[in-house]
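Below: the structure, in structure tokens.
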Ligand code: ATP
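And the structure:
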């Protein structure tokens, strides 16, 4: 079976990954939202659910079998080893799900995988190229607080502390989309779309 080229879109919380993917979608490029898929998998994969309960205790899931996000977040963000373990358990499941998804869409020239953690989890190795969406921390905080009124700045600082710095991600990315209001997003995405559409698929 022909394999489409897989392009990663990553960036810190609130950097604009989803908005960038929506622009690609408008160009008929399909995107896989790894963070949303992970939430679904965490509620539906029975083997994974058992592993999570072993790691986080019986309160990891409520009576309806739904993930107790508050309990998990509290433990994961106060104990770094728990966060690492959570990622270790979830990451292979999402990777397998992504492979199934790419097979379902094998006729496309290229596909996008969107994930906040890509360099941190090593999932960038499964991708042909990675785009970093970059914006300063203060602007990201401002945007997320406007988007998610239930979050506090302290919550965001905790999440950001577990994400690689912009400088480190910049060094690792193949392309950078600047989303700091100094440049328009659409022309940046159009340039990359043009490039990827004309790129040979290797491997
Ligand atoms: P998360 O990591 O939480 O999934 P994200 O990286 O996907 O976030 P978005 O949801 O795309 O980020 O953007 C965060 C918020 O900022 C959204 O409400 C989005 O509409 C807004 N936003 C992003 N970029 C811009 C921009 N260039 N101009 C105006 N608003 C923007």
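Residue numbers (the working numbering): 436 to 638.
All C-beta atoms, glycine included, are put in the ideal place defined by N, C-alpha and C.
Here the structure is a predicted model, which is why all the values come from computation and not from measurement.
Among the options, the one whose alpha carbon lies nearest that of residue i
| i | options | result |
| --- | --- | --- |
| residue 544 | 507, 631, 509 | 631 |
| residue 508 | 615, 519, 624, 499 | 519 |
| residue 514 | 491, 531, 500 | 491 |
| residue 567 | 578, 600, 580, 586 | 600 |
| residue 603 | 446, 478, 442 | 446 |
| residue 441 | 618, 585, 503, 468 | 468 |
| residue 463 | 634, 476, 625 | 625 |
| residue 451 | 634, 627, 628, 551 | 551 |
| residue 531 | 576, 476, 633 | 476 |
| residue 411 | 622, 506, 634 | No statement about residue 411 is possible, as the shown extent of the chain runs from 436 to 638 and does not include it. |
Residue i versus residue j: straight-line alpha-carbon distance, rounded
| i | j | result |
| --- | --- | --- |
| residue 592 | residue 437 | 42 Å |
| residue 496 | residue 595 | 25 Å |
| residue 589 | residue 485 | 31 Å |
| residue 461 | residue 574 | 25 Å |
| residue 598 | residue 521 | 15 Å |
| residue 534 | residue 439 | 11 Å |
| residue 554 | residue 607 | 8 Å |
| residue 580 | residue 605 | 24 Å |
| residue 557 | residue 617 | 30 Å |
| residue 527 | residue 493 | 23 Å |
| residue 478 | residue 510 | 18 Å |
| residue 640 | residue 563 | Lying before the first or after the last residue shown, residue 640 is absent from the chain, which here runs from 436 to 638. |
| residue 615 | residue 572 | 10 Å |
| residue 448 | residue 499 | 29 Å |
| residue 628 | residue 559 | 19 Å |
Beta-carbon gap between residue i and residue j smaller than 9 Å
| i | j | result |
| --- | --- | --- |
| residue 456 | residue 561 | no |
| residue 473 | residue 529 | yes |
| residue 546 | residue 537 | yes |
| residue 540 | residue 465 | yes |
| residue 578 | residue 570 | yes |
| residue 619 | residue 454 | no |
- Query: Do the region 476-484 and the region 608-615 meet, that is, are 3 or more Cβ pairs less than 8 Å apart?
  - Reply: no
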